[in-house]
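Undergrad: Numbering-wise (the UniProt record's numbering), the sequence shown opens with residue 1 and increments by one. Glycine included, each C-beta is placed from N, C-alpha and C at the ideal position. Can you read through this structure? Questions will come right after.
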Amino acid sequence: MIIINIKPFSFYNKILARNYFQSFSKLKNLDTPALNVAKLIEDKILIPLESLDPSIPFSDHKKKFSKKIKKILERIISVLEPLSLRFWNRPLEYPVITEEVLAALVLKFLLGMHNSVHLEKILFSFQYSRFIELTNILKKIIASNELKSFNISGFLIFTDFKCIDTLVSEISFWRNNAVTEIKTFDDYFNDFIGFLSNNSLFIEYLKGLCNVDENTFNLLLDFTLKKTVLVQNQIFKWYGADGFTTYDRKIYIKLFETGCPVMNKAAIFYVLLHELCYYFRRISCLTWEDSRNCPTPETIIDNIPLSEAGNIFEIQFFGDRHRFLNKSVCEFFLSSTEKLSREEYSTRFAFINRTRERFYVSLMRGACLGGKDIVELSGCAISKHRGYD
Ligand SMILES: [Zn+2]
1 MIIINIKPFS FYNKILARNY FQSFSKLKNL DTPALNVAKL IEDKILIPLE
51 SLDPSIPFSD HKKKFSKKIK KILERIISVL EPLSLRFWNR PLEYPVITEE
101 VLAALVLKFL LGMHNSVHLE KILFSFQYSR FIELTNILKK IIASNELKSF
151 NISGFLIFTD FKCIDTLVSE ISFWRNNAVT EIKTFDDYFN DFIGFLSNNS
201 LFIEYLKGLC NVDENTFNLL LDFTLKKTVL VQNQIFKWYG ADGFTTYDRK
251 IYIKLFETGC PVMNKAAIFY VLLHELCYYF RRISCLTWED SRNCPTPETI
301 IDNIPLSEAG NIFEIQFFGD RHRFLNKSVC EFFLSSTEKL SREEYSTRFA
351 FINRTRERFY VSLMRGACLG GKDIVELSGC AISKHRGYD
């Protein structure tokens, strides 16, 4: 057994922030090249989308907007590209520079649309959701406090516009003004360390992803858990996900609220293990560019090629990518101290979790049932974006 000796810290159950863009008003007069381009996108694309002539086929509108996007790109690329490059080459441990990160976001947004085979759907979604406030959304991202990494990486990933099915809900996310509850991981910190100590098979696996010695591993684990943020369900609902590890290696987990503490804890630990695979896979990445180009080597399981670190882990240790956890498996997962091999453990886990117990009806993915015998899982934001779900 590997005992991880990490001292507890004192701020239990601390709510970090209720309003994640509280310094927004300070950005009223923010003026950078990227915000000027965002204003241009609003004026030339997003606002005109609002008043399209309905008698003209949307495919004709698409051609017109495609030309506009190309024209804007040609006009601004020499200004935004050098700034954007500086952002991508910035070391992950340094704070981002507003001017650079905004340039990267705006350029990604334009290139995402320009390169997408789904431009018609994207424009339709923008029109349908009355999405015109790109400059405000960018300012909110810059003004975010604890959710800043989440917002920057989320914007960068989802402006590939690969996951068209969730586009409208993502736009809701960017537009949202709602109060968000986020918490530190403090409440679960000691229990998670104890849980890992009882399950050295997880530790060995995670260590293998980053090839570091035990001391370094423990320091890295301590470092990331202290920065891990639990986020109110609503934000993850928009992404259709339970967890997200950002390019700069900050872990966000859905604040599961089933009414059953054991199941909440089990779901958080389950999702956290998945996310820790990304964290340790990317541990040697120096810059944002390294982090976005850090693919997982393909692993073939049951003749299926897998290249997503968290999914490979789940299948190897739990026998499947589980869509729900029943109460029995939550109890097994949290309390197991048996010395099982990985194969025995995954077989046992999948066997215990084979039924929905008292619930046999099909439930909407991502739903949480208050005080009942099951917790639903939705997967991670990276999987969602890559279309693995
Ligand atoms: Zn994943």
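Where does residue 128 land, buried or exposed, given buried means 16+ other C-beta within 10 angstroms?
TA: For the purposes of this step, residue 128 is identified with residue 128 of the sequence shown, where counting begins at 1. Residue 128 is exposed by the Cβ-count criterion.
Undergrad: Can you check DSSP and say which residues form a bridge with residue 287?
TA: Counting from one through the sequence shown, the residue named residue 287 turns up at place 287. Paired residue(s): 91.
Undergrad: Among 224, 136 and 156, which residue has its Cα nearest to the Cα of residue 29?
TA: Stepping through the sequence shown from its first residue, residue 29 is reached at position 29. Ranking the options by Cα distance to residue 29, first place goes to 136.
Undergrad: Can you list, in chain order, the residues of its chain whose CB lies under 7 angstroms from that of residue 174, leaving out five sequence neighbours each side?
TA: To locate residue 174, count along the sequence shown from 1; it is residue 174. Once the five neighbours on either side are set aside, the close Cβ partners of residue 174 are 137.
Undergrad: Any heavy atom of ligand 1 inside 7 angstroms of the beta-carbon of residue 322?
TA: One-based indexing of the sequence shown puts residue 322 at position 322. Because no heavy atom of ligand 1 lies under 7 angstroms away, the Cβ of residue 322 does not count as near it: no.
Undergrad: If you drop the 5 nearest sequence neighbours on each side, which residues of the same chain put their C-beta closer than 7 angstroms to that of residue 345?
TA: One-based indexing of the sequence shown puts residue 345 at position 345. So the list reads 201 and 317, once near-sequence residues are dropped.
Undergrad: With a threshold of 7 angstroms on Cβ separation, who are the neighbours of residue 80 within its own chain once the five nearest residues in sequence on each side are excluded?
TA: Walking along the sequence shown from the start, residue 80 turns up at place 80. The residues are 33, 34, 37, 103, 106 and 107.
Undergrad: Does the contact criterion of 3 or more C-beta pairs under 8 angstroms hold for the segment 278-298 versus the segment 207-218?
TA: Result yes; three or more Cβ-Cβ pairs closer than 8 angstroms.
Undergrad: Out of 227, 216 and 162, which one is the CA nearest neighbour of residue 184?
TA: Within the sequence shown, numbered from 1, the residue matching residue 184 stands at position 184. Among 227, 216 and 162, the Cα nearest to that of residue 184 belongs to 227.
Undergrad: What residue from 192, 50, 294 and 213 has the CA that sits closest to residue 268's CA?
TA: As a first step, residue 268 must be located in the sequence shown, where it is residue number 268. Per the Cα distances, 192.
Undergrad: Would you grab the beta carbon distance between residue 240 and residue 384 for me? Rounded to a whole angstrom, and I think it's under 8 angstroms.
TA: Position 240 of the sequence shown, counted from the first residue, corresponds to residue 240. Position 384 of the sequence shown, counted from the first residue, corresponds to residue 384. Residue 240 to residue 384, Cβ: 5 angstroms. Contact.
Undergrad: Closer than 5 angstroms is what we want: which residues have a beta carbon that near any heavy atom of ligand 1? List them in chain order.
TA: That gives 310, 380, 382 and 383.
Undergrad: Between which two residues does the alpha helix (DSSP H) harbouring residue 252 extend?
TA: Residue mapping note: residue 252 aligns to position 252 of the sequence shown, counting from 1. That residue, residue 252, is in no alpha helix (DSSP H); its beta strand (DSSP E) goes 251-255.
Undergrad: Comparing alpha-carbon positions, which option in 214, 72 and 293 lies nearest residue 247?
TA: Here residue 247 is taken as the residue at index 247 of the sequence shown, counted from 1. Ranking the options by Cα distance to residue 247, first place goes to 293.
Undergrad: Could you give the C-beta distance for residue 336 and residue 250, rounded to a whole number, given that I count them as a contact under 8 angstroms?
TA: Position 336 of the sequence shown holds residue 336. Position 250 of the sequence shown holds residue 250. That pair is no contact at about 29 angstroms.
Undergrad: Would the beta-carbon of residue 116 fall within 8 angstroms of that of residue 171?
TA: Position 116 of the sequence shown holds residue 116. Position 171 of the sequence shown holds residue 171. No; because the gap between Cβ atoms is not below 8 angstroms, this pair is not in contact.
Undergrad: Distance check for residue 133 and residue 31, CA to CA, integer angstroms please.
TA: As a working note, residue 31 is residue 31 in the sequence shown. As a working note, residue 133 is residue 133 in the sequence shown. Roughly 16 angstroms between the two C-alpha positions.
Undergrad: Just to confirm the assignment: which complete alpha helix (DSSP H) runs, minimum length 4, are found wholly within the segment 14-81?
TA: 33-41, all fully within the segment 14-81.
Undergrad: Rounded to the nearest angstrom, how far is the Cβ of residue 118 from that of residue 73, given a contact under 8 angstroms?
TA: One-based indexing of the sequence shown puts residue 118 at position 118. One-based indexing of the sequence shown puts residue 73 at position 73. About 17 angstroms; that fails the 8 angstroms criterion.
Undergrad: One question on the structure: do residue 288 and residue 109 come within less than 8 angstroms of each other, judged by their Cβ atoms?
TA: Along the sequence shown, read from residue 1 onward, the residue named residue 288 stands at position 288. Along the sequence shown, read from residue 1 onward, the residue named residue 109 stands at position 109. No, these two residues do not count as a Cβ contact at 8 angstroms.
Undergrad: Could you pull the start and end residues of the alpha helix (DSSP H) that residue 273 belongs to?
TA: As a working note, residue 273 is residue 273 in the sequence shown. Start and end: 261-281.
Undergrad: Measure the alpha-carbon distance for residue 302 versus residue 205 and round it to whole angstroms.
TA: Position 302 of the sequence shown, counted from the first residue, corresponds to residue 302. Position 205 of the sequence shown, counted from the first residue, corresponds to residue 205. Cα to Cα, the separation comes out at about 20 angstroms.
Undergrad: Note the first and the last residue of the continuous beta strand (DSSP E) segment covering residue 229.
TA: Working through the sequence shown from its first residue, we reach residue 229 at position 229. That run of the beta strand (DSSP E) goes 229-232.
Undergrad: Report yes if the C-beta distance between residue 334 and residue 266 is below 8 angstroms; otherwise report no.
TA: In the sequence shown, the residue the question calls residue 334 occupies position 334. In the sequence shown, the residue the question calls residue 266 occupies position 266. Yes.
Undergrad: Tell me the rounded alpha-carbon separation between residue 141 and residue 93.
TA: Sequence index remark: in the sequence shown, residue 141 carries index 141 (1-based). Sequence index remark: in the sequence shown, residue 93 carries index 93 (1-based). Whole-angstrom Cα-Cα distance: 18 angstroms.
Undergrad: Rounded to whole angstroms, how far is the Cβ of residue 348 from the Cβ of residue 374, which I believe are closer than 8 angstroms?
TA: As a working mapping, residue 348 is identified with position 348 in the sequence shown. As a working mapping, residue 374 is identified with position 374 in the sequence shown. At roughly 19 angstroms, the Cβ-Cβ gap does not stay under 8 angstroms, so residue 348 and residue 374 are not in contact.
Undergrad: Determine the direct distance from the alpha carbon of residue 321 to that of residue 305, and round the result to whole angstroms.
TA: As a working mapping, residue 305 is identified with position 305 in the sequence shown. As a working mapping, residue 321 is identified with position 321 in the sequence shown. Approximately 14 angstroms between the Cα atoms of the pair.
Undergrad: With C-beta atoms as the reference, is residue 154 less than 8 angstroms away from residue 309?
TA: By 1-based counting over the sequence shown, the position of residue 154 is 154. By 1-based counting over the sequence shown, the position of residue 309 is 309. Cβ distance not < 8 angstroms, so residue 154 and residue 309 don't count as in contact.
Undergrad: Hey, how far is the Cα of residue 195 from the Cα of residue 332?
TA: By one-based count along the sequence shown, residue 195 stands at place 195. By one-based count along the sequence shown, residue 332 stands at place 332. Distance between the alpha carbons of residue 195 and residue 332: 12 angstroms.
Undergrad: Taking the C-alpha atoms as reference points, what is the distance between residue 262 and residue 326?
TA: Taking the sequence shown and counting its residues from 1, one reaches residue 262 at position 262. Taking the sequence shown and counting its residues from 1, one reaches residue 326 at position 326. Computed Cα separation, rounded: 11 angstroms.
Undergrad: Out of 224, 236 and 252, which has the shortest C-alpha to C-alpha gap to residue 378?
TA: For the purposes of this step, residue 378 is taken as residue 378 along the sequence shown, with counting starting at 1. Nearest of 224, 236 and 252 to residue 378, Cα basis: 236.
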